[in-house]
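Asker:
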Amino acid sequence: MQEFTAWLTKKGEEDEKTLIDLTQTIALINLLDKGESDFDGVQLSTLHAAKGLEYKHVFLVGIEEGLLPHRESQDPVKIEEERRLMYVGITRAQRSLHVTHCEKRPQGKEWSPCEPSRFIDEMGKDDLRFSGGKGAGAEPDKASSGARLAAMKALLASKA
């Protein structure tokens, strides 16, 4: 373990990368080494590490104001970077995309209300199917869903 830690320290200094950068690189290498064709399981990833990869089914969890976009990324330049990260997540999905958010989260002994991320509204409600909570039961028009998804990807790509 000490050898690995020493290697991380040396590599970080040489490449001018933080520990987070290095672990994301290692996670990406791990994902690529597994090979998509024979792996049939759940893979957890950060949005940064998922760049360039695709998955049959994608679950974006906790897409709420304060998380994505992060509460410390509120100036316009940082919001655009957060929007690009959302785009990365959306475009990783080949067959299905599931986006979740909480209505409330525990903070200590209290529950705090949560707001869905503004990026969900930017996706357009016509393409979304809601389950549970507010808005449940809305069904998208299946005939035009493919065209709407393409339009949404084009819109997000123009902002990226």
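The sequence shown finishes on residue 184 if you use this note's numbering, and the numbering steps up by one all the way, no holes.
We put the CB at the ideal spot given by N, CA and C, even for glycine.
Only a predicted model underlies this, so the values are computations on that prediction, with no experimental measurement involved.
1) Who are the Cβ neighbours of Lys35 in its own chain at under 8 Å, not counting the five residues just before and after it?
2) Please classify Gln48: is it buried, with 16 or more other beta-carbons within 10 angstroms of its beta-carbon, or exposed?
3) Looking at the unbroken alpha helix (DSSP H) that takes in Gln26, where does it start and where does it end?
4) So Pro100 is in the alpha helix (DSSP H); what residue range does that whole segment cover?
5) Checking the sheet assignment: what are the DSSP bridge partners for Ala117?
6) Give the secondary structure of Arg142 by DSSP, where H, G and I count as helix, E and B as strand, and everything else as coil.
7) When you compare only the Cα positions, how much space is there between Asp39 and Ala30?
8) According to the Cβ coordinates, are Arg129 and Glu89 closer than 8 Å?
9) If you run the structure through DSSP and keep just helix, strand and coil, what is Gln67?
10) Provide the residue span of the beta strand (DSSP E) that contains Lys128, from first to last.
11) Look up Val123 in the DSSP assignment and give the residues it is bridged to.
12) Give every residue of the same chain whose Cβ lies closer than 8 Å to the Cβ of Thr33, excluding the five residues on either side of it in the sequence, and list them in chain order.
13) Which of helix, strand or coil does DSSP assign to Leu52?
14) Pop quiz: Leu77 and Arg116 are said to be a contact at Cβ under 8 Å. What is the actual Cβ separation, rounded to whole angstroms?
Answerer: By the coordinates alone:
1) Stepping through the sequence shown from its first residue, residue 35 is reached at position 11. Around Lys35, the same chain offers Lys41, Leu46 as residues with beta carbons nearer than 8 Å, after the five sequence neighbours per side are excluded.
2) Walking along the sequence shown from the start, residue 48 turns up at place 24. When all chains shown are included, Gln48 counts as buried.
3) Counted from its first residue, the sequence shown places residue 26 at position 2. 26-39 is the extent of the alpha helix (DSSP H) around Gln26.
4) In the sequence shown, counting from the first residue as 1, residue 100 sits at position 76. Looking at the DSSP string, the run of the alpha helix (DSSP H) that includes Pro100 is 100-114.
5) Here residue 117 is taken as the residue at index 93 of the sequence shown, counted from 1. Partner(s): Tyr79.
6) Here residue 142 refers to the residue found at position 118 of the sequence shown. It is helical.
7) For the purposes of this step, residue 39 is taken as residue 15 along the sequence shown, with counting starting at 1. For the purposes of this step, residue 30 is taken as residue 6 along the sequence shown, with counting starting at 1. Taking the straight line joining both Cα atoms gives about 14 Å.
8) What you label residue 129 is simply residue 105 of the sequence shown in a count that begins at 1. What you label residue 89 is simply residue 65 of the sequence shown in a count that begins at 1. Not a contact, by the Cβ cut-off of 8 Å.
9) As a first step, residue 67 must be located in the sequence shown, where it is residue number 43. In the structure shown, Gln67 falls within a coil segment according to DSSP collapsed to helix, strand and coil.
10) As a first step, residue 128 is located in the sequence shown; it is residue number 104 there, counting from the start. Run containing Lys128: 128-131, per the beta strand (DSSP E) assignment.
11) Mapped onto the sequence shown, residue 123 falls at position 99. As a beta-bridge residue in DSSP terms, Val123 pairs with Leu84.
12) Counted from its first residue, the sequence shown places residue 33 at position 9. For Thr33, where only same-chain residues beyond five positions count, there are no Cβ hits under 8 Å.
13) Here the question's residue 52 lines up with position 28 in the sequence shown. Three-state result, Leu52: helix.
14) Indexing the sequence shown from 1 puts residue 77 at position 53. Indexing the sequence shown from 1 puts residue 116 at position 92. For Leu77 against Arg116, the beta-carbon gap comes to about 6 Å, under 8 Å, which counts as contact.
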